[in-house]
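2 protein chains.
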Amino acid sequence: MLSKKTKYGLKALAYLGVQNDKKPIQIAEIAEQENISQKFLESILLSLRKSGFLGSKKGKGGGYYLLKTPTEILMTDVMRVLEGPISMVPCVSLNFYEKCDDCPDEAACSVHKLMLMVRDANLSVYRNTTLADIIQ
Amino acid sequence: MLSKKTKYGLKALAYLGVQNDKKPIQIAEIAEQENISQKFLESILLSLRKSGFLGSKKGKGGGYYLLKTPTEILMTDVMRVLEGPISMVPCVSLNFYEKCDDCPDEAACSVHKLMLMVRDANLSVYRNTTLADIIQ
DNA sequence: TAATACCCTACTTGTTTAGTAGGATAACAA
DNA sequence: TTGTTATCCTACTAAACAAGTAGGGTATTA
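Protein chains in written order, with our numbering: chain L, 143 to 278; chain U, 143 to 278.
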């Protein structure tokens, strides 16, 4: 299941992505428009800022804005930050590889084989999809 | 992340799949060979039996065995029983569809759009993979 | 009739999720 | 300079879920 964090994060990015100008948008506005708890959204936007997707401005007239254009924002990167590893098991992860402690032989493991295929299928979606592709 | 339940269930199915004869295999043997807690595996095999993948035999010489040949066991079905819905959000699920309560317009939802692509990618893997494909 | 091995329910423990609470800090405007 | 706005940051919490454990009951076979 997709976590609410990821869902809300994606919705917020999409909301910022459809704005034509680069004027900062307030958390409160996004939260209200997208039916998200404001405080929860606050922490999500914070992590999106820390990972380089968003810029922010404090004080009156402040808010968040995209640092790149939607066509430059890859779902691979967004998903890794919001949802974590794309692989369903660490032993097939490109960025978070870890050997299974219970599995003596990766090459012979049926779970490994299946999860490799699943990982590749997911990666091909996320790598070929940008924020621009999912807004409008 | 893939649950241990699914991981163990797949390993057990694979273990039963490589047996050439149809002789029942005991939980204890699978648990030992695959490094799985026996009691936990017991409950997993029980659910695989109740969903029609396995047959069982009680008493001495008893155990579990596949009810179909590995080429007939689709990953779509296995994953749905062990891991639950293949979709990451209910609003794109074929078998467990549910409308999002916070989302006014599915067609315009960016999360919906992305998750549709992800669902299709995963389905195409699971639908085209049988137990036979992941053993050996 | 004793041993074997599955059958079934209920409980426990640890982790994660989805928030809440409450204040600190920076920027702008009067 | 002072009040207001809005982000920044830490810590806490309730509920759900995962991953087992415990302890028997029941059917089959020798």
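Glycine included, each C-beta is placed from N, C-alpha and C at the ideal position.
Within the stretch 231-249 of chain U, contact with chain L at the beta-carbon level (separation under 7 Å) is assigned to Val231, Asp244. Assigned with DSSP and collapsed to three states, L/Tyr206 falls in strand. The closest CA to that of U/Val223, considering only U/Cys245, U/Leu256, U/Phe195, U/Ala173, is found on U/Phe195. Relative to the Cα of U/Lys192, the nearest Cα in the group U/Val220, U/Lys181, U/Gln168, U/Gly201 belongs to U/Val220. Contacts with chain L (Cβ-Cβ distance below 8 Å) from the stretch 183-208 of chain U involve no residue at all. Taking the CA atoms as reference points, L/Leu190 sits about 8 Å from L/Gly151. Counting only residues of its own chain and dropping the five nearest sequence neighbours on each side, U/Leu183 has a CB closer than 7 Å to the CB of Tyr150, Ala154, Ile169, Ile172, Ala173. For L/Leu256, at least one C-beta of chain U is nearer than 7 Å to its own C-beta.
For U/Leu196, the enclosing beta strand (DSSP E) starts and ends at 196-199. Out of U/Lys181, U/Leu144, U/Gly205, the CA that lies nearest to the CA of U/Tyr157 is found in U/Gly205. Around the beta carbon of U/Gly201, fewer than 16 other beta carbons sit within 10 angstroms, so the residue counts as exposed.
Taking 8 Å as the upper bound for CB-CB distance, U/Asp244 and L/Asn237 are not in contact here, some 31 Å apart. With its beta carbon at least 7 Å from every one in chain U, L/Ser145 lies outside the interface.
Assigned with DSSP and collapsed to three states, U/Thr271 falls in coil, not helix or strand. Shortest Cα-Cα distance from L/Met217 to any of U/Leu216, U/Ser198, U/Val253, U/Thr211 involves U/Val253.
By the criterion of a C-beta distance shorter than 7 Å, U/Lys241 is surrounded in its chain by Cys233, once the five residues flanking it on both sides are discounted.
Residue-level contact check: L/Leu152 touches chain U, since one or more beta carbons of chain U fall below 7 Å from its beta carbon. Its chain contains Tyr157 as the residues whose beta carbon lies nearer than 7 Å to that of U/Gln175, once the 5 sequence neighbours on both sides are disregarded; these appear in chain order. Residue-level contact check: L/Asn162 does not touch chain U, since none of the beta carbons of chain U fall below 7 Å from its beta carbon. The C-alpha of U/Gly203 is placed about 7 Å away from the C-alpha of U/Pro166.
Around the CB of L/Met230, 16 or more other CB atoms lie within 10 Å, so the residue is classed as buried. Within the same chain, Tyr207, Leu209 come within 6 Å of U/Gly197 by CB-CB distance, once the 5 residues on both sides are set aside.
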